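Asks:
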Amino acid sequence: MAEIAQIIVDVPTMQTNQPYTYQVPEEWQHQIQRGMRVTVPFGNGSRKVQGFVVGLDEQSNYDGELKKIDSLMELTPVLNEELLDLSKWMANETFAFQITCMHTMLPNLLKAKTTKYLKLVDEVNETDFDELFHGLEEIEFIPESMPKETVSRLLKLKKEQKVEITYHVQNRAKPKTAVGISPLMSFEQFEEQRSTLTAQAKAQNKLLSYLQSIIGQTIKLSDARTNSKISNATFTIGEQKGWLKKLPIEVYRTPIELQKNSNREKELTLNTEQADAVSSITDAIDQKQNKTFLLEGVTGSGKTEVYLQSIQNALNHNQTAIMLVPEISLTPQIVSRVEKRFGKDVAVMHSGLSNGEKYDEWRRIERGEAHVVVGARSAIFAPLKNIGLIILDEEHETSYKQDETPRYHAREVAKWRAKYHNAPLVLGSATPSLESRARAQKNVYQQLMLTHRINKRPMPSVSVVDMREELKHHTESNFSTQLLEEVQTRISRGEQTILMLNRRGYSSFIMCRDCGFVLQCPNCDISLTLHMDTHTMKCHYCGHEEPIPDICPNCHSHQIRYYGTGTQKVETELQEKIPEARILRMDVDTTRRKGMHEKILRQFGHHDADILLGTQMIAKGLDYPNVTLVGVLNADTGLGLPDFRASEHTFQLLTQVSGRAGRADKPGQVIIQTYNPDHYAIQLAKHHNFEKFFEIEMQLRHRGNYPPYYYTTQITVSHPEEKMAAKTIFSIGKFLQDGLGQECVILGPTPRSIARVNRRYFYQIVIKYKHSNKLHELLTELMQRSQKLTKNKIQISIDPDPQYFI
DNA sequence: AGCACGCCGACT
DNA sequence: GTCGGCGTGCTC
164 MAEIAQIIVD VPTMQTNQPY TYQVPEEWQH QIQRGMRVTV PFGNGSRKVQ GFVVGLDEQS
224 NYDGELKKID SLMELTPVLN EELLDLSKWM ANETFAFQIT CMHTMLPNLL KAKTTKYLKL
284 VDEVNETDFD ELFHGLEEIE FIPESMPKET VSRLLKLKKE QKVEITYHVQ NRAKPKTAVG
344 ISPLMSFEQF EEQRSTLTAQ AKAQNKLLSY LQSIIGQTIK LSDARTNSKI SNATFTIGEQ
404 KGWLKKLPIE VYRTPIELQK NSNREKELTL NTEQADAVSS ITDAIDQKQN KTFLLEGVTG
464 SGKTEVYLQS IQNALNHNQT AIMLVPEISL TPQIVSRVEK RFGKDVAVMH SGLSNGEKYD
524 EWRRIERGEA HVVVGARSAI FAPLKNIGLI ILDEEHETSY KQDETPRYHA REVAKWRAKY
584 HNAPLVLGSA TPSLESRARA QKNVYQQLML THRINKRPMP SVSVVDMREE LKHHTESNFS
644 TQLLEEVQTR ISRGEQTILM LNRRGYSSFI MCRDCGFVLQ CPNCDISLTL HMDTHTMKCH
704 YCGHEEPIPD ICPNCHSHQI RYYGTGTQKV ETELQEKIPE ARILRMDVDT TRRKGMHEKI
764 LRQFGHHDAD ILLGTQMIAK GLDYPNVTLV GVLNADTGLG LPDFRASEHT FQLLTQVSGR
824 AGRADKPGQV IIQTYNPDHY AIQLAKHHNF EKFFEIEMQL RHRGNYPPYY YTTQITVSHP
884 EEKMAAKTIF SIGKFLQDGL GQECVILGPT PRSIARVNRR YFYQIVIKYK HSNKLHELLT
944 ELMQRSQKLT KNKIQISIDP DPQYFI
C-alpha cells in the first residue's frame, strides 16, 4: 500500500492554509515522520516549495492525481508532535496561517530560500548564448534584479522551449564544521610505528602517544593542538603517514558567554517566604500538577533565586525548564547568573544572536543537550521535551505579546505548553497585570507573596515634584530645583544617578514661531522628530528622513525652532546646568549598533559616568549598587494617552524604575517629576502600594467594561485611500454587529489616532466581549473573506487581546 | 507567493 | 497585427 503524506506548504495565503496530499516515494516508505521538512512540487510547471509533513495516511480522499514528495530536508523532524499541535492551536487562536505559526516556532535558518535557474535545452543563436548565458549552460534567474529587456528575451526563449526553468529549494540550515582528527590505527600498530622513528623525532613520538590516548574518538583539531601541545605541522605529517585522518566535524556557534562557565555559583540561602514559594512550586513539579502560580514580589525580594532553585528541582526530576525574560531585561547580568548556576545545561535565546547561533542553540535544545532555556518571547517555543516548569518573569510586560502576525501572547502559549506537560507555570512580577492579579484573587492562580526585600533593605523614599509649581519659580526646564540639587549631591559623594525620560507619546519636533508650521512626515500623519546626532528630521513610524530646514517651508521665516523633549535635548540641558557631570545617554539612537547596549551599561557599571540618562529601556533589570538616586523627568506623558491601560503602564514603569535605587547598603531615593502629582497611579507608586492601585484600577475597569472584566479584540483596516479604508471598516462593523447582536460591545469604527502611516490610512474597531464562541466563528469567516479584499490593496489585521489602543 | 491564462491599450 | 500591461484564479 502506497503511503500518502499531508503537507502544509510554505505559501502564506488563506487559500493554501490547509494540508495538501502527496505521494511518498517508494524509497522513503515508512521513513517519513510527522514534523519533517520536505520539498514538494507545487502549482504548474516544476515550481518547488518547502513544506511540513503534518500527517501520514494509507490513502487519500483527494481525487486528483497526486504529486510526489521531491526531497527530504532533514532526516529527523524539526517539529515534534507537541509543537505541531501547538501550531494548529495558535493559528486558530490568533487568526494566522499555520505555516506562519510554524516558522515563528523555528529558527530563521529553517526558512528555505528558493532559487530559479534557466537551463539551455536547445540550440540558441550565438548572440543570445553570449549575452544572456555568458557562455554557460545554466544561469540563475532573478527577474527582479535583471534588466527588463534581458528578462523578456529569456522568457521568449522559454516560450520557444529552448530553455527550461528549474527550481531549487535552498536549505540554509547548515551546521558549522571544523577540522577534526581521528586515529586510524590500533594501539599495537601505533607502537610499531613508534619503533620506526628516529630518536630526534620527538614531536612525532608525542603525536603517537596522543593518538593512542584518543583511539575511537574524533577530536576537533584545534582542541587536539591545545590539549597535546603538538603543532599543526606534526598533525599533517601524521596524516601523510596514515596515522590519522582529518574530517569535518560539526561544531556549535555558541555565544561567547556560554564558553566560560568554570566557576559555578552556589545556591543562595532563602528567607521564609522564598522557601515557601520554592516548596509550593516544587510540590507542583513533584505531583505533575498543571497549576499556575502568581509570584508577586517587590523589587529586590529575590524572585530570581526562587526561579533558579525551582528550575534546579525540575532538573532533579530529570525534567526541563523554560524561563522567559523580557528582551529588554535580558541583560548579561541575568544571563550570566543562570549560566553560573546551570553551566552548559543552559541555552540562551535572544535577538542579539546571529541566525547561525540561534540555530545552533536550538539544535542543542532539540538534541537534549541543554535542559534549561532562558530567552525572550519566542523562547517559549523551545523544542524541549518533558518540560517540568515554565517561568515568565515580569509577566506584565507588553513585549510578551508579538505585535505582528501571528499575534500570540507568550503567556497564553506558556499556559498551553504547561498544560500539555502537566507542569506548573510561574508568573512573576512586582506589578502583575490586572488580568493575572484578578485571576489570583479568584483562586484561578495560586498567589505566592514575597513582601520583604532581601537583606532587609528599606524601600527607597519617593518624592513627587509638582512641575506646575516649578514653572512658577523659574524658566521652563526639564529639571526641578530639587532634582538638580540631589544629582549634584550624588556626584559630590561619588554615587550614581539614573534619569529616565518617559518617551511614550513625546518627542521633539520643529515649529515655526511666525506661522505655527510643524514639519510633518509626507507618508504619515505625524510630525517629524529632530535627531541632532544625524542632523536630520526622522519619522518614527515609517523611517522617512530629511534635512533640518533653516527657513520655514511655509512662510520662509527664519524663526523656526524646535520644541518638545528628547533625550539629546535633555542631555544638553543637563550638561549646561552641571558642567562637571559625566553623562551616558542610552536611547534608540545610541544603542542602534550591535553591542552598544551592553557597552554603555558596562561603562556605567565601571563608574565611567555619574549619570545614566535614557528612556524606558533603563527601567528594567539593571542592578548597580552605587546608584542611590533615580529621577523620572516626566512621569505623566503616558497618562494622557487614550488607552485604558495608560495608568497601569505608568504605575508599572514608576514602580520598576524606583526599584533601581538604593540597592546594597546605601539607601535609595526616587524623584518623580509630574504635572499630575495627585494622579492615583503616581501617588500609589510613590507609596509602593500595588494592592490599593489594583483595587482602584479594577473599579475603573469594571465601570468601563474593560479587561479583565471583558476580553477585547481589535480589527484594523488600512488602504492608501482613506475612503476605501473607511468603507471597508464600516462594512465589517455591520457584519459583526449583525452576527453578534447584544452579546458584545462594538467600539467604533474610528480612525486610528495616527490615521496615516506609510501612505496608508488606518481605521479600527474594538470589540469587547465576555464569551467569544460566536465572535471567533465570525472572525474566522472574516479572515476567509479578507483574502478577496487583499487584492484590492486592503489590509486587515485581527488582534486578539491588543496591548495598545492608540 | 508565483505562475498561467485572458483581456485590453500602444507600438514595430 | 503583436507585445506586454495587470486583474483573476489555482496550486495536492
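In terms of this note's numbering, the first sequence is residues 164 to 969.
From the three backbone atoms N, C-alpha and C, an ideal C-beta is built for every residue, glycine too.
Remember, it's a predicted structure, so these values are computed and weren't measured experimentally.
Can you tell me the Cα-Cα spacing of PRO710 and GLU301, whole angstroms?
Replies: The sequence position of residue 710 within the first sequence is 547, counting from 1. The sequence position of residue 301 within the first sequence is 138, counting from 1. For PRO710 and GLU301, the distance between alpha carbons rounds to 47 Å.
Asks: Should GLN472 go down as buried or exposed, given a rule of 16 or more other Cβ atoms within 10 Å for buried?
Replies: For the purposes of this step, residue 472 is taken as the residue at position 309 of the first sequence. Classification of GLN472: buried, given that the 10 Å Cβ count is 16 or more.
Asks: Give me the Cβ distance between ILE763 and MET749, rounded to the nearest whole Å; I'm assuming they're in contact under 8 Å.
Replies: Within the first sequence, the letter at position 600 stands for residue 763. Within the first sequence, the letter at position 586 stands for residue 749. Yes, they are in contact, since the Cβ atoms of ILE763 and MET749 sit about 5 Å apart, within 8 Å.
Asks: Nearest-angstrom Cα distance between LYS890 and ILE961?
Replies: Counting from one through the first sequence, the residue named residue 890 turns up at place 727. Counting from one through the first sequence, the residue named residue 961 turns up at place 798. Distance between the alpha carbons of LYS890 and ILE961: 17 Å.
Asks: Measuring CA to CA, which of GLN565, GLY208, SER443, TYR608 is closest to LYS578?
Replies: Stepping through the first sequence from its first residue, residue 578 is reached at position 415. Minimum Cα distance to LYS578 is reached at TYR608.
Asks: Cutting at 8 Å between CB atoms, please list the residues of its own chain near ASN368, excluding the five before and the five after it.
Replies: Here residue 368 refers to the residue found at position 205 of the first sequence. ARG357, LEU360.
Asks: Have a look at the DSSP bridge pairing and note the partners of PRO182.
Replies: Residue mapping note: residue 182 aligns to position 19 of the first sequence, counting from 1. Partner(s): none; PRO182 has no beta bridge.
Asks: With a threshold of 16 other CB atoms inside 10 Å of the CB of PHE350, please say whether the residue is buried or exposed.
Replies: Taking the first residue of the first sequence as position 1, residue 350 is located at position 187. Under this definition PHE350 is an exposed residue.
Asks: Please report the Cβ distance between HIS760 and GLN659, rounded to the nearest whole angstrom; I am assuming they are in contact, meaning their Cβ atoms lie under 8 Å.
Replies: Sequence index remark: in the first sequence, residue 760 carries index 597 (1-based). Sequence index remark: in the first sequence, residue 659 carries index 496 (1-based). That belief does not hold up - the Cβ atoms of HIS760 and GLN659 are roughly 18 Å apart, past 8 Å.
Asks: Mind checking which residues open and close the beta strand (DSSP E) that includes ARG923?
Replies: For the purposes of this step, residue 923 is taken as residue 760 along the first sequence, with counting starting at 1. 923-932 is the extent of the beta strand (DSSP E) around ARG923.
Asks: Residues in the same chain with beta-carbon distance under 8 Å from GLN333, minus the five sequence neighbours each way, listed in chain order, please.
Replies: As a first step, residue 333 must be located in the first sequence, where it is residue number 170. ALA275, LYS276, THR277, THR278.
Asks: DSSP state of GLN610, grouped into three classes?
Replies: What you label residue 610 is simply residue 447 of the first sequence in a count that begins at 1. Here GLN610 sits in strand by DSSP.
Asks: Mark GLU811 as exposed unless 16 or more other C-beta atoms lie within 10 angstroms of its C-beta, in which case mark it buried.
Replies: What you label residue 811 is simply residue 648 of the first sequence in a count that begins at 1. GLU811 should be labelled buried.
Asks: Which whole-angstrom value describes the C-beta separation of LEU910 and LYS931, a residue pair presumed to lie in contact below a C-beta threshold of 8 Å?
Replies: In the first sequence, counting from the first residue as 1, residue 910 sits at position 747. In the first sequence, counting from the first residue as 1, residue 931 sits at position 768. Yes, they are in contact, since the Cβ atoms of LEU910 and LYS931 sit about 7 Å apart, within 8 Å.
Asks: Is it the case that the segment 583-603 contacts the segment 456-471, given that we only count it when at least three CB pairs across the two stretches are under 8 Å?
Replies: With the cut-off at 8 Å, the segment 456-471 and the segment 583-603 touch.
Asks: With burial defined as no fewer than 16 other Cβ atoms inside 10 Å of the residue's Cβ, what is the status of VAL284: buried or exposed?
Replies: Here residue 284 corresponds to residue number 121 of the first sequence, with the count starting at 1. So VAL284 counts as exposed.
Asks: Here's the rule: buried if 16 or more other CB atoms are within 10 angstroms of the residue's CB, otherwise exposed. What is THR791?
Replies: Working through the first sequence from its first residue, we reach residue 791 at position 628. When all chains shown are included, THR791 counts as buried.
Asks: With contact counted as at least three CB pairs below 8 Å, one residue from each stretch, are the segment 505-520 and the segment 534-549 in contact?
Replies: In short, these stretches touch, since the Cβ pair count reaches three.
Asks: Between VAL187 and VAL212, how many whole angstroms is the CB-CB distance? I'm expecting something under 8 Å.
Replies: Residue mapping note: residue 187 aligns to position 24 of the first sequence, counting from 1. Residue mapping note: residue 212 aligns to position 49 of the first sequence, counting from 1. Actually they are not in contact, since the Cβ atoms of VAL187 and VAL212 sit about 17 Å apart, beyond 8 Å.
Asks: Beta-carbon within less than 6 Å of CYS264's beta-carbon, same chain only, minus the 5 sequence neighbours each way: which residues are those?
Replies: One-based indexing of the first sequence puts residue 264 at position 101. Contacts found: SER250, MET253, ALA254, PRO569.
Asks: If I follow the unbroken alpha helix (DSSP H) through VAL187, where does it start and stop?
Replies: Here residue 187 corresponds to residue number 24 of the first sequence, with the count starting at 1. From DSSP, VAL187 is part of no alpha helix (DSSP H); its letter is neither H nor E.
Asks: Any idea if CYS675 is buried or exposed, counting beta-carbon neighbours within 10 angstroms, 16 or more meaning buried?
Replies: Locating residue 675 in the first sequence gives position 512, counting from the first residue. CYS675 should be labelled buried.
Asks: What would DSSP say about PRO587, mapped onto helix, strand or coil?
Replies: Locating residue 587 in the first sequence gives position 424, where the first residue counts as 1. Here PRO587 sits in coil by DSSP.
Asks: Near THR313, what residues of its chain come up, given a Cβ to Cβ distance below 6 Å and the 5 sequence neighbours on each side ignored?
Replies: As a first step, residue 313 must be located in the first sequence, where it is residue number 150. Cβ within range, chain order: n/a, list empty.
Asks: Along the chain, which unbroken stretches of the beta strand (DSSP E) at least 3 residues long are found entirely within the segment 617-659?
Replies: As far as the segment 617-659 is concerned, its whole beta strand (DSSP E) runs of at least 3 residues are 624-629.
Asks: In the structure shown, what three-state DSSP assignment does ASP566 receive?
Replies: Residue 566 sits at position 403 when you count from the first residue of the first sequence. Residue state, collapsed to three classes: coil.
Asks: Helix, strand or coil: how does DSSP classify VAL681 here?
Replies: On the first sequence, residue 681 is found 518 positions in, with the first residue counted as 1. Strand at VAL681.
Asks: How about ALA603 and LEU552: are their beta carbons less than 8 Å apart?
Replies: The residue labelled residue 603 in the question sits at position 440 within the first sequence. The residue labelled residue 552 in the question sits at position 389 within the first sequence. For ALA603 and LEU552, no; Cβs fall outside 8 Å.
Asks: From the DSSP secondary-structure annotation, give me the bridge partner or partners of GLU303.
Replies: If you number the first sequence from 1, residue 303 lands on position 140. GLU303 is bridged to TYR280.
Asks: THR432 lies in the alpha helix (DSSP H); which residues open and close that run?
Replies: As a first step, residue 432 must be located in the first sequence, where it is residue number 269. No alpha helix (DSSP H) contains THR432, which DSSP labels as neither H nor E.
Asks: In the DSSP assignment, find the alpha helix (DSSP H) that holds HIS331 and state where it starts and stops.
Replies: Against the first sequence, residue 331 aligns to sequence position 168. HIS331 -> not in any alpha helix (DSSP H); beta strand (DSSP E) instead, spanning 326-333.
Asks: Alpha carbon to alpha carbon, what distance is there between ARG866 and VAL820?
Replies: Taking the first residue of the first sequence as 1, we reach residue 820 at position 657. Taking the first residue of the first sequence as 1, we reach residue 866 at position 703. Their Cα atoms are separated by approximately 30 Å.
Asks: Can you check the segment 787-840 for any beta strand (DSSP E) of at least 3 residues that lies completely inside it and give the ranges in chain order?
Replies: If we require 3 residues or more, the beta strand (DSSP E) runs fully inside the segment 787-840 come out as 790-795, 832-837.
Asks: State yes or no: is the C-beta of THR267 nearer than 7 Å to some heavy atom of the ligand NAP?
Replies: By its list of ligands, the structure shown contains no ligand whatsoever, and the ligand NAP lies outside what it can speak to.
Asks: Return the CA-CA distance between PHE853 and ARG808, expressed in angstroms with no decimal places.
Replies: If you number the first sequence from 1, residue 853 lands on position 690. If you number the first sequence from 1, residue 808 lands on position 645. In a straight line, the C-alpha of PHE853 is about 15 Å away from that of ARG808.
Asks: Pair every Cβ in the segment 462-472 with every Cβ in the segment 613-628, then say whether three or more of these pairs are closer than 8 Å.
Replies: Cβ pair count under 8 Å is three or more, so yes.
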